[in-house]
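Counting along the sequence shown from 1, when you hit position 226 you're at 226 in our numbering, and nothing is skipped either side.
The C-beta atom is built at its ideal place from N, Cα and C for all residues, glycine as well.
Right, one structure below, let's go through it.
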Amino acid sequence: MADDDRHAQRDAGLKPKKLRLWRGADLRESALLALFRIVIATTPASEWAGFAEGATRFGKGRRSSRFKRFAGRVKAVQGADDEAVLRMWRAYRAAVNRRRISILASRYCPGWKPRIELTGREHLDRAIAAGNGTILWLDNFIHHPVIGKRAFSDLGYQAWQMSSVDHGFSSSRLGRRFLNPIQLAAEIPLVRGRIEFDAGSALTATREVTRCLARNEIVRITNNAYIGRQRCRVPFGKSALLPVATTPFNIARRTGAAILPVQVVEREPFADYLVAVAPPLSVGTSRHESFEDAAIAYARYLEPLVEAYPDQWRGWEGVRTKSEDA
């Protein structure tokens, strides 16, 4: 998947690196997608999870710098010991593979129809009735890109998707051209349209979001901390800091739109998913108020979800230990 740490650096105001023609990870990504394409074409859905777990042996191991960062952040959030961290690392990588398979299945297996339960729909209906637009703020869990869209689309809710130009499997030029369209083809039929942004067009994208909300439309934004350049870091778990983008808070305050956190979690691989809409976050009404209280409230909402589904949370790439933040 596209590198969340690179996006976090961009969000912090650092100049983004020149777009590379290809990344070393593109070859591995291509091989996995080809393998999983064969898997979904030749085996029943009940066997896909085994292939997702088996393919983890081809990834980076415990000696990699990525694992070391992951381990430090898991310990800071949950206080886990070394063995628990290693088990979580393996489970996390298997979950990422299940994400790849589910995207491919959504694209190429029209007969794959898992159960998707949507709860909290009353919060969305109430926001629509208020007439000021709605922001669905997707928690950064593994399955939100396709499963999260299907839950709303199947019930007739059409939403705009705000996403990075890197959205998909890779952030290289070749990845954008050949890999990312696979995911986009699975998502686009499920949304009203996409609002793309990069380091140079975030302001334009924000204005487009504002226009959609003024028409009382729904906009989906993923909480991955690099939507916009403003953010704050709040305590999270045992001793970690959670970066929270405040641009969605600012949009909600200025427009009067409701901002509804949404979780998307897998309860049974490839068979049963839960999409839960939470009550709206309070972002205040005065432009002089800080967004820190809203960010803290969101962190408190998120903590038990991460505790329950740690292997499905992609936020490990963004959360920081206090030593990293020093």
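Beta bridge counterpart(s) of residue 219 as assigned by DSSP: As a working mapping, residue 219 is identified with position 219 in the sequence shown. Bridge partners of residue 219: 135, 160.
Look at the alpha carbon of residue 314 and the alpha carbon of residue 37, and state the distance between them as a whole number of angstroms. Looking up residue 314 in the sequence shown gives position 314. Looking up residue 37 in the sequence shown gives position 37. Their backbone Cα atoms lie some 23 Å apart in a straight line.
Between the Cα of residue 112 and the Cα atoms of 103, 120, 131, which residue gives the shortest distance? The residue you call residue 112 lines up with position 112 of the sequence shown. The shortest C-alpha separation from residue 112 is found at 103.
CA-CA distance, residue 166 and residue 274? Here the question's residue 166 lines up with position 166 in the sequence shown. Here the question's residue 274 lines up with position 274 in the sequence shown. Approximately 27 Å, taken between the alpha carbons.
Per DSSP, what kind of secondary structure is residue 236 in: helix, strand or coil? By 1-based counting over the sequence shown, the position of residue 236 is 236. Correct three-state label for residue 236: strand.
If the criterion is Cβ atoms closer than 9 Å, does the pair residue 138 and residue 206 meet it? In the sequence shown, the residue the question calls residue 138 occupies position 138. In the sequence shown, the residue the question calls residue 206 occupies position 206. Cβ atoms of residue 138 and residue 206: not closer than 9 Å.
From the DSSP output, in three-state form, read off residue 107 for me. Looking up residue 107 in the sequence shown gives position 107. Residue 107: helix per DSSP, three-state reduction.
Suppose the cutoff is 7 Å on Cβ atoms and the five residues either side in sequence are ignored; what does the same chain contact list for residue 180 look like? Reading the sequence shown from its first residue, position 180 is the one you call residue 180. Taken in chain order, the residues that qualify are 167, 168, 169, 170.
If we cut at 9 Å on Cβ distances, does residue 30 have a partner in chain D? This model lacks chain D altogether, as it is built from one protein chain only.
From the DSSP secondary-structure annotation, give me the bridge partner or partners of residue 276. For this step, residue 276 is matched to residue 276 along the sequence shown. Bridge partners of residue 276: 119, 263.
DSSP three-state call for residue 324: helix, strand or coil? As a first step, residue 324 is located in the sequence shown; it is residue number 324 there, counting from the start. Residue 324: helix per DSSP, three-state reduction.
Assuming residue 251 and residue 136 are in contact, meaning their beta carbons sit under 8 Å apart, how far apart are those beta carbons, in whole angstroms? Residue mapping note: residue 251 aligns to position 251 of the sequence shown, counting from 1. Residue mapping note: residue 136 aligns to position 136 of the sequence shown, counting from 1. Residue 251 to residue 136, Cβ: 13 Å. No contact.
Residue 201: which of 236, 163, 193 sits nearest, CA to CA? For the purposes of this step, residue 201 is taken as residue 201 along the sequence shown, with counting starting at 1. Of the listed residues, the one whose Cα sits closest to residue 201 is 163.
Need the endpoints of the alpha helix (DSSP H) that residue 40 sits in, please. Here residue 40 is taken as the residue at index 40 of the sequence shown, counted from 1. Note, residue 40: alpha helix (DSSP H), 24-42.
Classify residue 318 as buried or exposed, calling it buried when 16 or more other Cβ atoms lie within 10 Å of its own Cβ. Taking the sequence shown and counting its residues from 1, one reaches residue 318 at position 318. That one is buried.
Pull up the distance between the alpha-carbon of residue 237 and that of residue 155, whole angstroms please. Here the question's residue 237 lines up with position 237 in the sequence shown. Here the question's residue 155 lines up with position 155 in the sequence shown. So the two alpha carbons sit approximately 35 Å from each other.
Taking 8 Å as the limit between beta carbons, can you name the residues of its chain near residue 132, skipping five residues before and five after? Taking the first residue of the sequence shown as position 1, residue 132 is located at position 132. So the qualifying residues of the chain are 213, 216, 255, 256, 257, 258.
Would you kindly report the start and end of the unbroken beta strand (DSSP E) that includes residue 196? Here residue 196 refers to the residue found at position 196 when the sequence shown is read from its first residue. Per DSSP, residue 196 belongs to the beta strand (DSSP E) from 193-197.
Sheet register partners of residue 242 (DSSP bridge): Residue mapping note: residue 242 aligns to position 242 of the sequence shown, counting from 1. DSSP, once it has assigned bridges, lists 234 as partnering residue 242.
Measure the Cβ-Cβ separation of residue 276 and residue 118 and say whether it is below 9 Å. Here residue 276 corresponds to residue number 276 of the sequence shown, with the count starting at 1. Here residue 118 corresponds to residue number 118 of the sequence shown, with the count starting at 1. Against a cut-off of 9 Å, the Cβ pair of residue 118 and residue 276 comes out as a contact.
Residue 107 and residue 183 closer than 9 Å at C-beta: As a working mapping, residue 107 is identified with position 107 in the sequence shown. As a working mapping, residue 183 is identified with position 183 in the sequence shown. Contact flag set, yes.
Less than 9 Å separating the beta-carbons of residue 241 and residue 235? The residue you call residue 241 lines up with position 241 of the sequence shown. The residue you call residue 235 lines up with position 235 of the sequence shown. Yes, these two residues count as a Cβ contact at 9 Å.
Continuous alpha helix (DSSP H) stretch holding residue 309: start and end: Taking the sequence shown and counting its residues from 1, one reaches residue 309 at position 309. That residue, residue 309, is in no alpha helix (DSSP H); it is neither H nor E in DSSP.
Spatial neighbours of residue 80 in its chain, beta-carbon cut-off 6 Å, leaving aside the 5 residues before and after: For this step, residue 80 is matched to residue 80 along the sequence shown. Within the same chain, residue 80 has close Cβ partners 74.
Taking Cβ to Cβ, would you say residue 239 is nearer than 9 Å to residue 134? The sequence position of residue 239 within the sequence shown is 239, counting from 1. The sequence position of residue 134 within the sequence shown is 134, counting from 1. Their beta carbons are not under 9 Å apart, which means residue 239 does not touch residue 134 by this criterion.
Rounded C-alpha distance that separates residue 311 from residue 298: Taking the first residue of the sequence shown as 1, we reach residue 311 at position 311. Taking the first residue of the sequence shown as 1, we reach residue 298 at position 298. Rounded to whole angstroms, residue 311 to residue 298 spans 20 Å at the Cα level.
Looking at residue 142 and residue 99, is the spacing between their C-beta atoms short of 9 Å? Sequence index remark: in the sequence shown, residue 99 carries index 99 (1-based). Sequence index remark: in the sequence shown, residue 142 carries index 142 (1-based). Cβ distance < 9 Å, so residue 99 and residue 142 count as in contact.
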